[in-house]
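Take 115 as the starting number for the sequence shown in the numbering used here and just add one per residue.
Backbone N, C-alpha and C fix where the C-beta goes; we use that ideal spot for every residue, glycine too.
The model shown is predicted, which means the values in this text are computed figures rather than measured ones.
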Amino acid sequence: MAHILVTGAAGFIGSHTADQLLAAGHDVTGVDNFRTGRRANLAAALASPRFALVERDVAAAGQLNDIVARVRPDAIIHLAALVSVQESIANPELNYALNVQATHHVAEAARLHGVRRIVFASSAAIYGDATDLPIRETTATHPISPYGAAKLASEALLLGHGAAFGITVRCQRYFNVFGPRQDPASPYSGVISIFDRRYREGKAVTIFGDGRQTRDFISVHDVARANVIAATKPGIDSGAANICTGRATTLNDVVGVFSRSYPAVPACTHAAARTGDIVHSLGASDAAAAALGFRAEVDVETGLQELIRLG
Ligand code: UD1
Numbered sequence: 115m116a117h118i119l120v121t122g123a124a125g126f127i128g129s130h131t132a133d134q135l136l137a138a139g140h141d142v143t144g145v146d147n148f149r150t151g152r153r154a155n156l157a158a159a160l161a162s163p164r165f166a167l168v169e170r171d172v173a174a175a176g177q178l179n180d181i182v183a184r185v186r187p188d189a190i191i192h193l194a195a196l197v198s199v200q201e202s203i204a205n206p207e208l209n210y211a212l213n214v215q216a217t218h219h220v221a222e223a224a225r226l227h228g229v230r231r232i233v234f235a236s237s238a239a240i241y242g243d244a245t246d247l248p249i250r251e252t253t254a255t256h257p258i259s260p261y262g263a264a265k266l267a268s269e270a271l272l273l274g275h276g277a278a279f280g281i282t283v284r285c286q287r288y289f290n291v292f293g294p295r296q297d298p299a300s301p302y303s304g305v306i307s308i309f310d311r312r313y314r315e316g317k318a319v320t321i322f323g324d325g326r327q328t329r330d331f332i333s334v335h336d337v338a339r340a341n342v343i344a345a346t347k348p349g350i351d352s353g354a355a356n357i358c359t360g361r362a363t364t365l366n367d368v369v370g371v372f373s374r375s376y377p378a379v380p381a382c383t384h385a386a387a388r389t390g391d392i393v394h395s396l397g398a399s400d401a402a403a404a405a406l407g408f409r410a411e412v413d414v415e416t417g418l419q420e421l422i423r424l425g
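See below:
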């Protein structure tokens, strides 16, 4: 069994990753500054004697060093981040601190204390508005936001450290992640989290555009499993891979699942498509299968039904 340090452990993806690591028998040290993470997300993890939580801001230089020196983790899963593309546009300076400098601090803590592996939360945002689908890892990277640029810069920083200092680095390029604990608070939150909340509240949802736009929606359970594999599977090489399903789902299909489960909720309304919205996004999943042996298993309907059950 391994000891894994998870930054951003109280977040949406971080808390599911901690849960799955614990379920697999690993020890977990979670680090979070609770800027966007929530203690409630860790209710299950905190009940485990193999989980420790440290409240710390990884974006401040040197903040991880004493923890890493004490815990001596086998791997760091670095998920702490400014998670909103819109917030990165509103505040590029904060995006740089939380999504670039913090990554460098993680890489340095790993170098200084001999951590052998880092798993990083990258994003399909590094590809920008690529239109040649499905998006492969060989697709040209072309970020169109400070967020996407920071994720791409972080990949480079980590892979450079990895090559120079003998650290295995896995960059996980998540597509549209959805599932329990995703925060629906902002209009720019993931569409499924927004729709889930509105249906539960009995309110009609609004589709921007005709609803025929598609996304590669991947369940957070699959994403957490991909993180566990990348952090703990022996004998894997450094690299970057899409973490996606390889399947496109229209927004109309998503609304269809909700509306069948909530027949009393008024029909969805339509509004103009969002400026800058991409129409289709779809990843190719073969690289993750080859490098990690990972394939998504939760289809969108099953993932939506889980949210509806929890509602
Ligand atoms: C993602 C980012 C977004 C960023 C964009 C850049 C997330 C959660 N969002 O958007 O901040 O600008 O990449 O490529 O990572 N929609 C509705 N109704 C709603 C909310 C959304 O119809 O109430 C639509 C959107 O217009 C979009 C689709 O749902 O067509 C998916 O939206 P979203 O979940 O924000 O993901 P991305 O568009 O991939």
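Buried or exposed (CB count within 10 angstroms, at least 16 for buried), residue i
{"i": "aspartate 310", "result": "buried"}
{"i": "threonine 389", "result": "exposed"}
{"i": "arginine 230", "result": "exposed"}
{"i": "threonine 416", "result": "exposed"}
{"i": "aspartate 246", "result": "exposed"}
{"i": "phenylalanine 331", "result": "buried"}
{"i": "glycine 397", "result": "buried"}
{"i": "proline 187", "result": "buried"}
{"i": "glutamine 200", "result": "exposed"}
{"i": "proline 248", "result": "buried"}
Best match in the options for proximity to residue i [C-alpha to C-alpha]
{"i": "alanine 318", "options": "His384, Gln296, Leu271 and Ala264", "result": "His384"}
{"i": "glutamate 251", "options": "His130, Ala403, Ile321 and Ala355", "result": "Ala355"}
{"i": "glycine 151", "options": "Leu135, Ser162, His140 and Val168", "result": "Val168"}
{"i": "proline 348", "options": "Leu406, Tyr376 and Asp297", "result": "Leu406"}
Residue i Cβ short of 6 Å to the ligand UD1 heavy atom set
{"i": "phenylalanine 322", "result": "yes"}
{"i": "glutamine 200", "result": "yes"}
{"i": "tyrosine 302", "result": "yes"}
{"i": "asparagine 290", "result": "yes"}
{"i": "glutamine 327", "result": "yes"}
{"i": "valine 214", "result": "no"}
{"i": "arginine 388", "result": "yes"}
Whole-number beta carbon distance between residue j and residue i, since they are thought to touch under 8 Å
{"i": "glycine 325", "j": "asparagine 366", "result": "4 Å"}
{"i": "alanine 224", "j": "isoleucine 281", "result": "6 Å"}
{"i": "glycine 262", "j": "alanine 239", "result": "4 Å"}
{"i": "alanine 138", "j": "valine 342", "result": "6 Å"}
{"i": "asparagine 213", "j": "alanine 270", "result": "About 13 Å; that fails the 8 Å criterion."}
{"i": "alanine 132", "j": "valine 142", "result": "5 Å"}
{"i": "proline 294", "j": "leucine 424", "result": "6 Å"}
{"i": "isoleucine 203", "j": "serine 259", "result": "6 Å"}
{"i": "glutamine 296", "j": "phenylalanine 126", "result": "5 Å"}
Chain B within 7 Å of residue i, Cβ atoms only
{"i": "glycine 139", "result": "Among the chains in the structure shown there is no chain B, since it carries only a single protein chain."}
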